[in-house]
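To keep things clear, I will list the structure first and then write my remarks on it.
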Amino acid sequence: MNQVLKDGKPSRQTSQKRALIGPGLIVAATGVGAGDLVAALVAGAKYGLVFLWAILIGALLKFTLNEGIGRWHLTSGKTILEGWQSLGKWATGYFGVYSVIWGFVYGAAATSSCALAMSALFPAIPLWGWAVIHGLVGFSLIWWGRFKTFENVMNILIALMFITVVGSAVLVLPDLNGLWHTAVPKLPDGSLFYALGLIGGVGGSITMASYGYWLQEHKWKGSDFVKWMRVDSAIAYIVTALFTISLLILGAALLYGTNASINGEQGLVSFSSMLGNELNPFVRWLFLLGFWSASFTSVLGVWNGVSYLFADFVRTVRKSKIPNEKLSQTKAYKFYVLWLTFPPMLLHFIGKPVGLIIVYGALGSLFMPFLAITLMWLLNSKKYEGPKNRNHWLANTGLALCVVLFIILAVNELIGLIM
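Okay, so the sequence shown: first residue is 1119 according to my numbering, each after it adds one.
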């Protein structure tokens, strides 16, 4: 399976196998968290199937970003941090500040999301207890485990996440008989920012920037792997779209026209009870397992992927000669895994400081525009490795749409934080 031709090009059979087991699904699944589940369910509850078009456009734009990141790594031979450094110290400086503040708050938020699902299944252990347990389990898997262990666990969780949520959606399909007319693409009054949020939110997060490191772990190097990387990314975001559409169907089938609402992640637990009452108590378990899987994949993906980014940040700033293959063994990588796990546990007990949350929200809203703008800049630069590897008009159109979308969402988020 690891054999290649003497000229360095992968054999067709080997490449096809690798394309099917690439890390694209890990990137996409990590980007889908409890907040995205809520957004898709609320969309179905409020508007029926109207926003099918938004989910499909969102998946296409995320594919554009993911493909650009993968192509940068494969054809330039550089990591995304090295790319940012070439743009100026401001770019790596922004990432450094962002990663420290974001990681501290995210460590608490992500484990709390896991805890909410698990405490609904097994209420004997308090919420904070489940949060601490998930932090420790995530820490152990990333700190002691190899990439292959991480990947295998992620694939199991992704399968569980997909089967449970899509399976639940299949069970409610008969309830959509009177709702198919709502699938006509349109933009209901007052729903513009909601639609843009749905397009920009599902499947997109900082871990998209980790894709190149996971390609490295798969031994995908050089421009010969670009077409297989594209297949890998396409499969990932097709699966993400199907998963999100399933949530939209669930919300529409059970809540559309009822004036019922889903409020935050706690609303997911309430929704699971509705599923149990309407269909079967077992379906409640299915949905909660899907909720938990979506949350825990985000924990593991961030613990592994963003730690790579932070380790590369430290290497780049220090101008160290550490090879990419050794980044996960560096002190910086280990530090960030610790940073994500233990300091955030304090927030489970003392609450989340308002000032920190405001800074976290502001930085978080600016990361996706930062990623889209810098990626477009890098992939059109004359310094890039050869004109054939630079963006063509279709890729530029997709990235330009990403830039506009994420800037609009960032401005709206910042206004919300200020007001």
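Backbone N, C-alpha and C fix where the C-beta goes; we use that ideal spot for every residue, glycine too.
Element boundaries [alpha helix (DSSP H), containing residue i]
{"i": "Lys1180", "result": "1170 to 1194"}
{"i": "His1510", "result": "That residue, His1510, is in no alpha helix (DSSP H); it is neither H nor E in DSSP."}
{"i": "Asn1273", "result": "1265 to 1290"}
{"i": "Asp1154", "result": "1152 to 1165"}
{"i": "Thr1197", "result": "From DSSP, Thr1197 is part of no alpha helix (DSSP H); its letter is neither H nor E."}
{"i": "Thr1148", "result": "1142 to 1149"}
{"i": "Ser1230", "result": "1207 to 1239"}
{"i": "Phe1257", "result": "1245 to 1262"}
{"i": "Trp1332", "result": "1329 to 1335"}
{"i": "Phe1343", "result": "That residue, Phe1343, is in no alpha helix (DSSP H); it is neither H nor E in DSSP."}
{"i": "Ala1242", "result": "Here Ala1242 belongs to no alpha helix (DSSP H), and DSSP marks it neither H nor E."}
{"i": "Gly1315", "result": "1310 to 1319"}
Classification of residue i by the beta-carbon crowding that lies within 10 angstroms, buried from 16 upward
{"i": "Pro1505", "result": "Confidence is the limiting factor: at Pro1505 the pLDDT is only 48, short of 50, which leaves the residue's position unreliable, though a coordinate-based value still follows. Flag for Pro1505 reads exposed."}
{"i": "Gly1202", "result": "Per the sequence shown, residue 1202 should be read as Trp rather than Gly. Counting Cβ neighbours within 10 Å, Trp1202 comes out buried, since at least 16 surround it."}
{"i": "Thr1267", "result": "exposed"}
{"i": "Gln1384", "result": "exposed"}
{"i": "Cys1520", "result": "buried"}
{"i": "Asn1442", "result": "buried"}
{"i": "Gly1315", "result": "buried"}
{"i": "Asn1422", "result": "buried"}
{"i": "Leu1179", "result": "buried"}
{"i": "Phe1467", "result": "exposed"}
{"i": "His1252", "result": "buried"}
{"i": "Met1486", "result": "buried"}
{"i": "Asp1065", "result": "Absent from the model: residue 1065. The displayed extent of the chain is 1119 to 1537, so no value can be given."}
{"i": "Ala1313", "result": "buried"}
{"i": "Pro1462", "result": "buried"}
{"i": "Pro1141", "result": "buried"}
{"i": "Met1537", "result": "exposed"}
{"i": "Ala1238", "result": "buried"}
{"i": "Leu1517", "result": "buried"}
{"i": "Leu1155", "result": "buried"}
{"i": "Ala1371", "result": "buried"}
{"i": "Gly1382", "result": "exposed"}
{"i": "Ser1364", "result": "buried"}
{"i": "Ser1388", "result": "exposed"}
{"i": "Trp1248", "result": "buried"}
{"i": "Asn1270", "result": "exposed"}
{"i": "Thr1376", "result": "exposed"}
{"i": "Ala1242", "result": "exposed"}
9 Å Cβ cutoff met for residue i and residue j
{"i": "Ala1392", "j": "Leu1366", "result": "Sequence inspection shows Met at residue 1392; the Ala mentioned does not correspond to that position. No, the Cβ-Cβ distance between Met1392 and Leu1366 is not below 9 Å."}
{"i": "Ala1152", "j": "Leu1386", "result": "yes"}
{"i": "Gly1221", "j": "Tyr1454", "result": "yes"}
{"i": "Ser1411", "j": "Leu1278", "result": "yes"}
{"i": "Asn1078", "j": "Met1326", "result": "Here the chain covers residues 1119 to 1537 and nothing more, so residue 1078 does not appear."}
{"i": "Leu1167", "j": "Ala1301", "result": "yes"}
{"i": "Ala1147", "j": "Met1272", "result": "yes"}
{"i": "Gly1408", "j": "Ser1286", "result": "yes"}
{"i": "Lys1402", "j": "Ser1390", "result": "A quick correction: the sequence has Arg, not Lys, at residue 1402. It is a contact, given that the beta carbons lie within the stated cut-off."}
{"i": "Tyr1416", "j": "Gly1149", "result": "What sits at residue 1416 in the sequence shown is Ser, not Tyr. Yes. Within cutoff."}
{"i": "Ile1276", "j": "Ile1173", "result": "no"}
{"i": "Phe1428", "j": "Ser1217", "result": "yes"}
{"i": "Thr1459", "j": "Gly1225", "result": "yes"}
{"i": "Phe1524", "j": "Tyr1212", "result": "no"}
{"i": "Ser1379", "j": "Val1160", "result": "yes"}
{"i": "Gly1319", "j": "Ala1177", "result": "no"}
{"i": "Ile1324", "j": "Val1424", "result": "yes"}
Proximity test, Cβ basis, 9 Å: residue i and chain B
{"i": "Leu1365", "result": "Of the protein chains in the structure, only one exists, and it is not chain B."}
So, does the stretch 1176 to 1188 touch the stretch 1334 to 1352, judging by three or more C-beta pairs under 8 Å?
yes
Do the stretch 1233 to 1249 and the stretch 1521 to 1536 touch if we need at least three Cβ pairs shorter than 8 Å?
no
Could you tell me which whole alpha helix (DSSP H) segments of length 4 or greater appear in the stretch 1358 to 1412?
1384 to 1396
So within the stretch 1406 to 1464, which uninterrupted alpha helix (DSSP H) runs reach at least 4 residues, ignoring any that extend past its ends?
1449 to 1459
For the stretch 1195 to 1212 against the stretch 1430 to 1442, do three or more pairs of beta-carbon atoms, one drawn from each stretch, fall closer than 8 Å, so that the two count as touching?
yes
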